[in-house]
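Report on one structure; see the data block that follows.
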Amino acid sequence: MSWLTNFVRPKVQVSSDRSGETPDNLWLKCNGCGAMSFHRELESNHQICKDCDYHLRLSAVARLNLLLDKGYKRLKLPAVVVDPLKFRDRKKYTERLKDAQANSADTDALLVGYGTIHNVNAVVAVFDFDFMAGSMGVAVGEGLLHAAAKAVETGSALIVIPASGGARMQEGILSLMQMPRSTVAVAMVREAKLPYIVVLTDPTTGGVSASFAMLGDITLAEPGATVGFAGARVIEETIREKLPEGFQKAEYLLQHGIVDAVVHRHELKDRLGEMISLLMIPDRVSNRGDRGAIAQNQSSQSSLPGQSHAATP
Amino acid sequence: MRTYLEFEKPIAQLEAKIEELRHLGSEGKINIADEVAKLEAKAERMRHSTFSRLTAWQKVQVARHPERPHGLDYIQGLMTEFNELAGDRNFAEDRALIGGIARFRGRSVVILAQEKGHDMKSRVEHNFGMAKPEGYRKAIRLMRLADRFNLPIITLVDTSGAYPGIEAEARGQAEAIARSIETCLEVGVPIISVVIGEGGSGGAIAIATGNSVLMLEHAVYSVISPEGCASILWRSADQAQIAAEALKLTAKDLFSLGIIDQIIEEPSGGSHRSPTEAITRVGDAIEASLNRLANLSRDEIKQNRRQKYIEIGKKGLV
């Protein structure tokens, strides 16, 4: 036997991608300018390249931490039917789900946090793109309905931040049905006269873009985010033309009147805080003082939904 | 010339033979009525056994059959006093989604129907049944009209999907579909949706968020086309047959999943063999659904529809 046939492959365990387990020597390449950045540096800059301002994907948990005031809570989302179609492509859907769950602290692609943004009540629902491309199935639809119910219950603004390739094909028609279901969630918040704000992040396409994501009272987008109904490849194959520069990017959407504003990630919390405060606390004249005090005064004076229940720091 | 699908070939051969014999018979030389009757019975048995065992992929082909009755055929067959209403008032008229007011068996209704066209010229005119944002915005406008005048809405679904194109994206295809779904959920009048051919994803649900969702026996309704699904998940469009099976897109599957409320049985050998019969059956089913919803208040109609979608995914699943 030669040394060749005797050679034993080293059993390398590939470490999973769990946040917090990232090795210390990790450098990431910016998709915008190609510059290498040390991961800790990116993390402290909320995944924005400091050379070119390119917005890399921010994890769902980091997003909640970025937007909600300290002390927010996570909403427990209900268990739903698993693999309703017994779907199997090259791999079983149940296995794909297990793999995704093994790499995530959560059971599906939606995370919901509730608390306040600059002391105004808010429920924030964030898509986790790392979980099966943020695709929307029954669990995500149910999560959005629960987030909406929580917003109504606590008199909060609902802020949804999609990052999703669209419907989850492995749930077939049931994933398509999440389009009307998520629209019911929006209607619940609207009927309670609470603000519903969408922050489109990279990417938001397919059935997600063609339902709740385009129904915001206000629709914001992160710089450079790709947002559209049909994927670029499908469009190119249909029309057999090259797509224009910047097609389906946030700035293109702004130009075409589809979003209200493109907001830099560093400004996102302040802008959202201002917007929900403008919409939910219309009268500040009779309540002079700092923001927290206003929120508290209002809770004792008015029956308007949306006043903060949070303690003033 | 008739179009025959691959699996229909034996039936087609027999049908052609019967036709030939009839032709001979009409010349009066020989009495072959008995023979024709025998062959007719055989053809009927073949149609029945073939069409009662169609695979998911075969159903996809039947649903896309060019001679299957389309939206405009149903309007013509079921509606009187049809007054077509065009345009979204913002940008254009979209002939992929036809709309108007009409009388359906005595009732004034708003009808919305996707139309694919039946020959090259009309297919281009109707953009192969793929609506653009202006099509969905016209649908929204007409649903609001129905709501104001308290008219039930009938929607006929037959599209491979909403149009994927640069202009459609620039004018907000996603937003148009989203608003159309929202409008379906908001109106205080009954919406009866019938999937008559192909229920293609977002382009279909945009007008199919109804109180009653009916589906023809050989129609299909899916989140993505089998070809699209195969090319993404199997990385090869050749696997479309397998994808069609996996997607559970047949009327029977969707009924057991609680997505649709009723399966409308098709005439023997599919709707393309007896369009008039198929159209009448669809009409009867729509009428029965309208009657069931007739005594509900506007608010009950809205709540009924909303509840139906909240419940989906909770029932019929084992």
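Chains as they are written, first to last, in the working numbering: chain B, 10 to 322; chain W, 401 to 718. Even for Gly, the Cβ is constructed at its ideal location relative to N, Cα and C. Given the structure is predicted, the values throughout are model-derived calculations rather than measurements.
**Prompt:** Can you tell me where the alpha helix (DSSP H) with B:T247 in it begins and where it stops?
**Reply:** For the purposes of this step, residue 247 of chain B is identified with residue 238 of the first sequence, where counting begins at 1. Residues 241-248.
**Asked** Excluding sequence positions up to five away, which residues of its chain have a Cβ less than 6 Å from the Cβ of B:D299?
**Response** Walking along the first sequence from the start, residue 299 of chain B turns up at place 290. Its pLDDT being 47, under 50, B:D299 is placed unreliably in this model, and the value from its coordinates should be taken loosely. None.
**Asked** Taking DSSP as the reference, what is the three-state secondary structure of B:K101?
**Response** If you number the first sequence from 1, residue 101 of chain B lands on position 92. If DSSP states are grouped into helix, strand and coil, B:K101 belongs with the strands.
**Item:** C-beta atoms of W:L614 and W:I592 nearer than 8 Å
**Value:** Mapped onto the second sequence, residue 614 of chain W falls at position 214. Mapped onto the second sequence, residue 592 of chain W falls at position 192. Their beta carbons are under 8 Å apart, which means W:L614 touches W:I592 by this criterion.
**Item:** Same chain, Cβ closer than 6 Å to W:P466, neighbours up to 5 away in sequence not counted
**Value:** Reading the second sequence from its first residue, position 66 is the one you call residue 466 of chain W. Here the set comprises T403.
**Asked** Which first and last residues belong to the beta strand (DSSP E) in which W:N490 is found?
**Response** Here residue 490 of chain W is taken as the residue at index 90 of the second sequence, counted from 1. That residue, W:N490, is in no beta strand (DSSP E); it is neither H nor E in DSSP.
**Prompt:** Which residue comes first and which comes last in the alpha helix (DSSP H) that contains B:Q264?
**Reply:** Within the first sequence, numbered from 1, the residue matching residue 264 of chain B stands at position 255. Run containing B:Q264: 259-264, per the alpha helix (DSSP H) assignment.
**Item:** Within 8 Å, strictly: CB atoms of W:A578 and B:L224
**Value:** Against the second sequence, residue 578 of chain W aligns to sequence position 178. Against the first sequence, residue 224 of chain B aligns to sequence position 215. Contact flag set, yes.
**Prompt:** So is W:E582 in contact with chain B if we call contact Cβ pairs under 8 Å?
**Reply:** Taking the second sequence and counting its residues from 1, one reaches residue 582 of chain W at position 182. Judged by the 8 Å Cβ criterion, W:E582 is in contact with chain B.
**Request:** With DSSP collapsed to three states, give me the class of B:V268.
**Result:** Residue 268 of chain B sits at position 259 when you count from the first residue of the first sequence. B:V268 carries a coil assignment under DSSP once its states are collapsed to helix, strand and coil.
**Request:** Per DSSP, which residues does W:V557 bridge with? Please list them.
**Result:** On the second sequence, position 157 is the one that residue 557 of chain W refers to. Answer is W:V595.
**Request:** Can you pull the chain W residues whose beta carbon is under 7 Å from the beta carbon of B:P204, in chain order?
**Result:** To locate residue 204 of chain B, count along the first sequence from 1; it is residue 195. Neighbours of B:P204 across chain W, judged by C-beta separation under 7 Å, do not exist; the nearest C-beta is about 16 Å away.
**Request:** Determine the chain W residues that contact B:P189 at a beta-carbon separation under 7 Å, and present them in chain order.
**Result:** Your numbering for residue 189 of chain B matches position 180 in the first sequence. Around B:P189, the beta-carbon contacts reaching into chain W at under 7 Å are I581, L585, I605, T609, Y709.
**Prompt:** DSSP three-state call for B:D299: helix, strand or coil?
**Reply:** Numbered from its first residue, the first sequence carries residue 299 of chain B at position 290. Legend: pLDDT at B:D299 = 47, less than 50; position of this residue unreliable, value from coordinates given subsequently. The answer is coil: DSSP assigns B:D299 none of H, G, I, E or B.
**Chain-ordered neighbours of W:W634 on chain B, where CB pairs are closer than 7 Å** = For the purposes of this step, residue 634 of chain W is identified with residue 234 of the second sequence, where counting begins at 1. Using a Cβ-Cβ cut-off of 7 Å, W:W634 is close to D98, R99 of chain B, given in chain order.
**Prompt:** For B:N40, which of helix, strand or coil comes out of DSSP?
**Reply:** Indexing the first sequence from 1 puts residue 40 of chain B at position 31. Look at B:N40 here: in three-state DSSP terms it is coil, with no helix or strand label.
**Asked** Can the beta-carbon of B:I182 be found less than 8 Å from the beta-carbon of W:S656?
**Response** Start at 1 with the first residue of the first sequence, and residue 182 of chain B comes out as number 173. Start at 1 with the first residue of the second sequence, and residue 656 of chain W comes out as number 256. The Cβ-Cβ distance between B:I182 and W:S656 does not fall below 8 Å.
**Message:** Checking 8 Å against the spacing of the C-beta atoms, do B:G270 and B:L229 come in under that value?
**Reply:** For the purposes of this step, residue 270 of chain B is taken as the residue at position 261 of the first sequence. For the purposes of this step, residue 229 of chain B is taken as the residue at position 220 of the first sequence. Note on residue identity: the sequence assigns Ala, not Gly, to residue 270 of chain B. Yes.
**Request:** Kindly indicate the opening and closing residues of the alpha helix (DSSP H) around W:E666.
**Result:** Position 266 of the second sequence, counted from the start, is the residue given in the question as residue 666 of chain W. Membership of W:E666 in any alpha helix (DSSP H) is not indicated, and neither H nor E is assigned to it by DSSP.
**Item:** Contact set between the stretch 470-495 of chain W and chain B, restricted to residues whose Cβ is under 8 Å from the partner
**Value:** Closer than 8 Å at the C-beta level to chain B, one finds no residue of the stretch 470-495 of chain W.
**Item:** Limits of the unbroken alpha helix (DSSP H) element including B:E200
**Value:** Numbered from 1 along the first sequence, position 191 holds the residue referred to as residue 200 of chain B. Its alpha helix (DSSP H) spans residues 187-200.
**Message:** Quick check on W:A619: does DSSP put it in helix, strand or coil?
**Reply:** Walking along the second sequence from the start, residue 619 of chain W turns up at place 219. For W:A619, the three-state secondary structure derived from DSSP is coil.
**Asked** Excluding the five sequence neighbours on either side, which residues of its own chain have a C-beta within less than 7 Å of the C-beta of B:A69, listed in chain order?
**Response** Taking the first sequence and counting its residues from 1, the one referred to as residue 69 of chain B is at position 60. Here the set comprises L120, V135, F136, D137.
**Minimum Cβ-Cβ distance from W:Q703 to chain B less than 8 Å** = The residue given as residue 703 of chain W occupies position 303 in the second sequence. Closer than 8 Å: no.
**Asked** Taking buried to mean at least 16 other C-beta atoms within 10 Å of its own C-beta, is B:C42 buried or exposed?
**Response** Within the first sequence, the letter at position 33 stands for residue 42 of chain B. Counting C-beta atoms within 10 angstroms of its own C-beta, B:C42 has fewer than 16 neighbours from the protein chains shown and is therefore classed as exposed.
**Message:** Would the stretch 548-568 of chain W count as touching the stretch 185-204 of chain B if we require 3 or more Cβ pairs under 8 Å?
**Reply:** Contact check between the stretch 548-568 of chain W and the stretch 185-204 of chain B: fewer than three CB pairs, one atom from each, fall below 8 Å, which does not count as touching.
**Asked** Taking just the CA atoms, how far does B:V132 sit from B:N277?
**Response** By one-based count along the first sequence, residue 277 of chain B stands at place 268. By one-based count along the first sequence, residue 132 of chain B stands at place 123. For the record, residue 277 of chain B in the displayed sequence is Leu; it is not Asn. A direct Cα-to-Cα measurement between B:L277 and B:V132 gives close to 15 Å.
**Request:** Check the C-beta distance from W:A546 over to W:V594 and give it rounded, since I have them as a contact under 8 Å.
**Result:** As a first step, residue 546 of chain W must be located in the second sequence, where it is residue number 146. As a first step, residue 594 of chain W must be located in the second sequence, where it is residue number 194. Contact between W:A546 and W:V594 does not hold, since their C-beta atoms are separated by about 16 Å, which reaches or exceeds 8 Å.
**Request:** May I have the straight-line CA-CA distance separating B:D139 from W:E525, to the nearest angstrom?
**Result:** To locate residue 139 of chain B, count along the first sequence from 1; it is residue 130. To locate residue 525 of chain W, count along the second sequence from 1; it is residue 125. About 42 Å.
**Prompt:** Which residue comes first and which comes last in the alpha helix (DSSP H) that contains W:Q476?
**Reply:** Position 76 of the second sequence holds residue 476 of chain W. Secondary structure note for W:Q476: its alpha helix (DSSP H) is the uninterrupted segment 471-478.
**Message:** With a threshold of 7 Å on Cβ separation, who are the neighbours of B:V149 within its own chain once the five nearest residues in sequence on each side are excluded?
**Reply:** On the first sequence, position 140 is the one that residue 149 of chain B refers to. Here the set comprises D117, A118, L119, Q187.
**Prompt:** B:N130 lies in the beta strand (DSSP E); which residues open and close that run?
**Reply:** Position 121 of the first sequence, counting from 1, holds the residue named residue 130 of chain B. From DSSP, the beta strand (DSSP E) with B:N130 extends over 129-136.
**Asked** Is the CB-CB distance between B:V217 and B:V147 below 8 Å?
**Response** Numbered from its first residue, the first sequence carries residue 217 of chain B at position 208. Numbered from its first residue, the first sequence carries residue 147 of chain B at position 138. Against a cut-off of 8 Å, the Cβ pair of B:V147 and B:V217 comes out as no contact.
**Residues within the stretch 550-578 of chain W neighbouring chain B, beta-carbon criterion of under 7 Å** = Considering only beta carbons, the part of the stretch 550-578 of chain W lying closer than 7 Å to chain B consists of A562, P564, G565, I566, E569, A570, G572, Q573, A574, E575, I577, A578, in chain order.
**Prompt:** Using DSSP with H/G/I as helix, E/B as strand and the rest coil, what is B:H55?
**Reply:** Residue mapping note: residue 55 of chain B aligns to position 46 of the first sequence, counting from 1. Here B:H55 sits in coil by DSSP.
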